[in-house]
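Undergrad: So in the working numbering the end of the sequence shown lands on 239, straight run, no missing numbers. A virtual CB, placed ideally from N, CA and C, is assigned to each residue, including glycine. Treat the numbers as computed from the prediction; the structure is a model and nothing was measured.
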Amino acid sequence: MKLALNLSYKGERTYLHGSDFFNLLEKKASEVTKLDDAYVKQLSFHKVANNACELHDVQPENQSTVSGKISFGSPSNPDIPEMWIVETDKPVENRYEYDEPFIEGKVVFDQEQKTTSLTGGAGYSAIEEIIVLTKALNYHLSPDVAGKWLFGRIDLNEQLAKKYEHVTLKMKRMFPNRFSISEIIADDKHIGDIQFIVGKP
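Below, the structure is given as structure tokens:
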């Protein structure tokens with residue numbers, strides 16, 4: 039199987055954003071797995087994708103084309119094989135507006151608890167808001183980086199809801215200027231972890 043992932047650049051970026059991969063793959067989960075209850079359980083990235091991408095169910099021989107991997111979860115089938123996000127040589131043709139500063143303006147930072155939180159949402163998808171919260175937390179705690187803090191991986195204990203009333207990101211482990219792991223606490227429940235890395239998109 040090779041499924042084209044029709045994504046656009048987000049805001050002013052010149053690379054495809056992890057939140058857009060997540061949202062599209064969440065929509066495609068049932069189609070790809072043939073399971074009505076499938077969802078994105080784990081999504082990880084090895085490198086930034088600047089060109090259009092495909093989802094493959096067979097590991098490519100050329101590993102340099104692999105941008106990331108995904109594991110789908112399903113209450114009815116816990117053994118869905120992982121799949122690969124593969125970058126092609128086709129250009130990305132579209133772009134859409136994204137008001138990230140609007141979300142950032144609603145984020146509350148707690149230095150003592152090493153958390154960022156958002157109440158009531160900001161009108162964006164849950165994964166977009168979680169990524170902004172994590173990014174804000176990383177830059178608060180490690181502002182001087184040789185590149186940018188980038189979304190690297192998410193591991194979920196359950197399917198991500200479309201909306202939460204209150205989301206908190208709590209730092210679990212950080213190597214400044216390198217790597218971090220944060221807990222995702224949504225409506226007072228730990229629903230998974232998210233990892234960020236320092237890279238150069």
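1) Helix, strand or coil: which one does DSSP assign to His-228?
2) Buried or exposed: Gly-190, going by 16 or more other Cβ atoms within 10 Å of its Cβ?
3) Should the region 185–201 be regarded as contacting the region 94–101, the criterion being three or more beta carbon pairs within less than 8 Å?
4) Roughly how many angstroms lie between the CA atoms of Gly-111 and Asp-58, to the nearest whole one?
5) Output the distance between the C-alpha atoms of Leu-156 and Lys-144, rounded to the nearest integer angstrom.
6) Locate the alpha helix (DSSP H) running through Ile-168, then write down its first and last residues.
7) Decide if Met-39 is buried, meaning its Cβ has at least 16 other Cβ atoms within 10 Å, or exposed.
8) Are Ser-163 and Asn-61 close, meaning C-beta to C-beta below 8 Å?
9) Counting C-beta neighbours from all protein chains within 10 Å, is the total for Asn-195 16 or more, i.e. buried, or is it exposed?
10) To the nearest angstrom, how far is the alpha carbon of Asp-182 from that of Lys-85?
11) Three or more beta-carbon pairs under 8 Å between the region 120–132 and the region 218–231, yes or no?
12) Quick one: using the 10 Å Cβ neighbour count with 16 as the cut-off for buried, is Lys-238 buried or exposed?
TA: For this structure:
1) strand
2) buried
3) no
4) 19 Å
5) 6 Å
6) 164–179
7) exposed
8) yes
9) exposed
10) 21 Å
11) no
12) exposed
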